[in-house]
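Using the working numbering, the first residue of the sequence shown is number 3, and each one after it goes up by one. Quick reminder that beta carbons are idealized off the backbone N, C-alpha and C, glycines included. This report concerns only the one structure given below.
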Amino acid sequence: MERKTIGLLFVVVGAILFLDELWFFVPGIVPHGWLLGDWSWIHVYPFHHWMLGVVMILGGVLLLKRPPAGASPTIIDPEQHGEDHNPTSRMEYDGPVPMLSGV
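Here it is as structure tokens:
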């Protein structure tokens, strides 16, 4: 699977887990387990599945926003921009360095 597909899947599943326990944050709106039913048999006290949902949402957003490992968004293709677009060419200047006066 692609990184963005996994990120989107994390966001959707995390939102379901978070919204299932919406009663925890706003009592009286919806009953406990209104989406997924009662999951109390797999809860590890004091953790709830809304906590996993928040982590999955944040992880999914990071996967959607971050570039893939090893990719650098600052790499400039010389064929597309020409040779004079090379940022290191400015470092090879051996002329005099102007001094700032009055600073």
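Between L10 and K67, the alpha-carbon positions lie close to 11 Å from each other. Counting of Cβ neighbours within 10 angstroms places L60 among the exposed residues, the total staying below 16.
If the five residues before and after L24 are omitted, its C-beta is found closer than 7 Å to the C-beta atoms of I31 and V32, all from its own chain and listed in chain order. Between the beta-carbon of G62 and that of L19 there is about 12 Å, and that puts the pair past the 8 Å contact cut.
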